[in-house]
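Here is the structure we will look at.
So, in structure tokens, the structure goes:
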């Protein structure tokens, strides 16, 4: 017997209220129906945000996640080895080095 496979293999974020949320924060914000959305169940079609718009998903490795953070907990949503975070670390490192040179 074939098991139902989720349509969305690797949901990284939920879109709602004009923001992106990690799945954990979306569960807290919108309730247990988020799991239905992640698994693409028919019952998820009725899920809406606080503005009345349907909730959506963003999959891992999507360009839409580039340099994005969860709107509640501020966790990075982009892939851990994405160049946007590497550039951020390089920028922070450069700022630290410049501060040491001045001092």
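Numbering (the working numbering), first residue to last: 1236 to 1338.
Backbone N, C-alpha and C define an ideal beta-carbon position, used for all residues, glycine too.
Residue 1293 places its beta carbon 8 Å or farther from that of residue 1261.
The alpha-carbon separation between residue 1308 and residue 1257 amounts to approximately 8 Å.
Residue 1306 sits in coil when the DSSP states are folded into three classes, being neither helix nor strand. Per DSSP, reduced to three states, the secondary structure at residue 1254 is strand. Linking residue 1302 to residue 1245 through their CA atoms gives a straight-line distance of about 18 Å.
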